[in-house]
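Here is the structure we will look at, set down as structure tokens.
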Amino acid sequence: MKTATNLTPPFVSDSTSQLAHRTTPCNTIILQLKGCLGGISVLDFQINLEQALETATLRVVVDLQQVDAVAPEGIAALARGLELAAILGKSIVFNAMDLASSRDLRAEWMSSREICFGPWGDLFDREFEQFLAG
Numbered sequence: 007m008k009t010a011t012n013l014t015p016p017f018v019s020d021s022t023s024q025l026a027h028r029t030t031p032c033n034t035i036i037l038q039l040k041g042c043l044g045g046i047s048v049l050d051f052q053i054n055l056e057q058a059l060e061t062a063t064l065r066v067v068v069d070l071q072q073v074d075a076v077a078p079e080g081i082a083a084l085a086r087g088l089e090l091a092a093i094l095g096k097s098i099v100f101n102a103m104d105l106a107s108s109r110d111l112r113a114e115w116m117s118s119r120e121i122c123f124g125p126w127g128d129l130f131d132r133e134f135e136q137f138l139a140g
């Protein structure tokens, strides 16, 4: 019989905490960050993000609600998390990301994709995509 503690996803409350080793698989792991994602804290965050992506069976949620700023190296770490999630076939969700960080992450992701795969274009034109959606 499962207890209530087994039903809630584990989370790391800041980027310097270590993700607790779990013997039972968990669908979702939540990483809740505080302060600024930059400088030396990025390395700790990256380690926790990689470990969470490897441990979670479905997804990792990165909660940025209490983050004051995301430095360029933090954006790069988030983009590497997107890459690892894609490789592992898992999803990563960014909760409460501010607009500037979202734009920076999108630009970093597009740049990374272009480096890996060359220039990226849409496979279908807009009219065909609307037809598929409708």
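Under the working numbering, the first residue of the sequence shown carries the number 7, and numbering increases by one thereafter. Idealized CB from N, CA, C, for every residue including glycine. Every value quoted in this text rests on a predicted model; they were computed, and no experiment measured them.
Counterpart residues of Phe100 in DSSP-defined beta bridges: In the sequence shown, counting from the first residue as 1, residue 100 sits at position 94. Answer by DSSP bridge pairing, in chain order: Val68.
Rounded straight-line distance, which links the Cα of Glu114 to that of Glu56: Indexing the sequence shown from 1 puts residue 56 at position 50. Indexing the sequence shown from 1 puts residue 114 at position 108. C-alpha separation (whole angstroms): 18 Å.
Stretch pair the region 69-77 + the region 85-94: three plus CB contacts closer than 8 Å: no
Simplified DSSP assignment, three categories, for Gly80: If you number the sequence shown from 1, residue 80 lands on position 74. In this structure, Gly80 counts as helix in the three-state DSSP scheme.
Cβ-Cβ distance between Leu37 and Val66 below 8 Å: Reading the sequence shown from its first residue, position 31 is the one you call residue 37. Reading the sequence shown from its first residue, position 60 is the one you call residue 66. In contact: Leu37 and Val66 (Cβ atoms closer than 8 Å).
Spatial distance of Ser117 from Met103 (CA atoms): On the sequence shown, position 111 is the one that residue 117 refers to. On the sequence shown, position 97 is the one that residue 103 refers to. In a straight line, the C-alpha of Ser117 is about 20 Å away from that of Met103.
Presumed contact (8 Å Cβ cut-off) between Leu84 and Leu39, rounded CB distance: On the sequence shown, position 78 is the one that residue 84 refers to. On the sequence shown, position 33 is the one that residue 39 refers to. Actually they do not touch by this definition, with Cβ atoms about 10 Å apart.
Through-space distance from Cys32 to Phe137, alpha-carbon basis: Locating residue 137 in the sequence shown gives position 131, where the first residue counts as 1. Locating residue 32 in the sequence shown gives position 26, where the first residue counts as 1. Looking at the two C-alpha atoms, the distance is approximately 38 Å.
Gly87 classed as buried or exposed, judged by whether at least 16 other C-beta atoms fall within 10 angstroms: Numbered from 1 along the sequence shown, position 81 holds the residue referred to as residue 87. Classification of Gly87: buried, given that the 10 Å Cβ count is 16 or more.
Simplified DSSP state of Gly87, which is helix, strand or coil: Numbered from its first residue, the sequence shown carries residue 87 at position 81. Three-state DSSP puts Gly87 in a helix.
Assigned secondary structure, Ala93 (DSSP; H/G/I helix, E/B strand, else coil): Working through the sequence shown from its first residue, we reach residue 93 at position 87. Before going further, note that residue 93 is Ile rather than Ala in the sequence given. Residue state, collapsed to three classes: helix.
Coarse secondary structure for Ile46, derived from DSSP in three states: The residue you call residue 46 lines up with position 40 of the sequence shown. Coil.
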